[in-house]
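Engineer:
Numbering (UniProt numbering), first residue to last: 1 to 416.
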């Protein structure tokens, strides 16, 4: 991520098909103030707080688990059919902190390992490094996860004297692959987790953005009747990235160091108290007000965004088909939604090529090699459609096609 930022700063005029930021055209300058006022009224009118209590709730250090946990629980019930106790929710500083807390709690000894569907979001592998929790890849593929490989990796780790604690998975329009897991495989994944005594860490930042009129598939957590799923959520894509509000749902019952049994969320809150103390109450209030304004449902609130991402995805896919017709060695996937498309090419894709792309061709993208942890070259790149206009997509694809054509010529590969 730092490398991409560096490249973007050096070549600011390059069209960026790299960043996974949400669409900015719908940002409303007046919304944060309106949402803050709405949450303030909620504290007074709905929760019965006095003016002094309202002021303290907003301006003082707050409870570690957060002050909008009840609204998040309501949002999950309305939008995801996930029904959990408010106390199972911990509000975090972005989803990145939620990842860090969960991984730190799971890392109890040097034999503990984490499984993760590859390619894997770099924030997850980075957090795992910080807590010294090795990550073992599980094959993804077009179905989103290879269940046979997941079981094999669990057995292989145990045979080596290791303890696989959990598997990280992004079932909806994954970053970076764009793939999704079908309903039947989601149920099989949950069954496997029970059979192998494995937790699943479900990360779901893109679930509200299926393309077109497609129905949303239930989350793993919505199907989780045996409490095998720790759910990670974020309001960065659905409300406001600048608020930096994420959350986790950990309703598992676990034993503490004192032998008492309680919610896993309580243990994670203790770790958070040593990391960030609490999440900004003012930032939480902004998100809380947005939830209240929309009846705690973000599905309708993101209709414009969903339509824009669908439009951009379709524009990108059509543009790739025009520039690389049948017979071309260039291939790409067709995600069912989300932000990302992966393009596969018959030549090496690395940071040096990205720099050349930025400097000479004026287009940015992300090398897929960054999402694998083994250091091997990957002849593919990720394109993001979320933060660009249709005109920028066409210009970026023109520049990308010029780069690819020149690289094919350099490698003496027919363009098709």
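Positions of the beta carbon are idealized from the N, C-alpha and C atoms, including for glycine.
Predicted, not measured: the structure shown is a model, and the values here were computed from it.
(1) Rounded to the nearest angstrom, how far is the Cβ of residue 118 from that of residue 103, given a contact under 8 Å?
(2) Thinking C-beta only, is residue 18 closer than 8 Å to residue 419?
(3) Residues in its own chain within less than 6 Å of residue 95 by CB, not counting five upstream and five downstream?
(4) For residue 418, list the residues DSSP reports as bridge partners.
(5) Taking the beta carbon of residue 48 as the centre, do at least 16 other beta carbons fall within 10 Å, making it buried, or is it exposed?
(6) For a test of the three-state rule: what should DSSP assign to residue 199, helix, strand or coil?
(7) Please give me, in chain order, every unbroken run of the beta strand (DSSP E) with length at least 3 that falls completely inside the segment 325-400.
(8) Under 8 Å by Cβ, that's how I've got residue 430 and residue 290 pegged, so tell me the actual separation to the nearest angstrom.
(9) Would you call the segment 58-66 and the segment 75-95 touching, i.e. three or more CB-CB distances under 8 Å?
(10) Rounded to whole angstroms, what is the Cα-Cα separation between residue 45 and residue 54?
(11) For residue 310, collect the residues of the same chain with a Cβ closer than 7 Å to its Cβ; drop the 5 residues on either side in sequence, then sort them by chain order.
(12) Can you tell me whether DSSP reads residue 144 as helix, strand or coil?
(13) Among 32, 105, 79, which one has its Cα closest to the Cα of residue 264?
(14) Less than 6 Å between C-beta atoms, sequence neighbours within five positions excluded: which residues of the same chain meet that for residue 80?
(15) Note the first and the last residue of the continuous alpha helix (DSSP H) segment covering residue 48.
(16) State yes or no: is the C-beta of residue 250 within less than 8 Å of the C-beta of residue 167?
(17) Out of 4, 21, 9, state which residue places its alpha-carbon closest to the alpha-carbon of residue 239.
Structural biologist: So, from the data block:
(1) The pair is not a contact, with the Cβ atoms about 17 Å apart (cut-off 8 Å).
(2) Residue 419 is absent from the model: the chain starts at 1 and stops at 416.
(3) 232, 234, 246
(4) The question about residue 418 has no answer here: the residues shown for the chain are numbered 1 through 416.
(5) exposed
(6) strand
(7) 340-344, 380-384
(8) Residue 430 cannot be examined here, being either before or after the span of the chain that is shown, 1 to 416.
(9) yes
(10) 11 Å
(11) 211, 212
(12) coil
(13) 105
(14) 219, 222
(15) Segment: none, residue 48 is in no alpha helix (DSSP H) and carries neither H nor E.
(16) no
(17) 21
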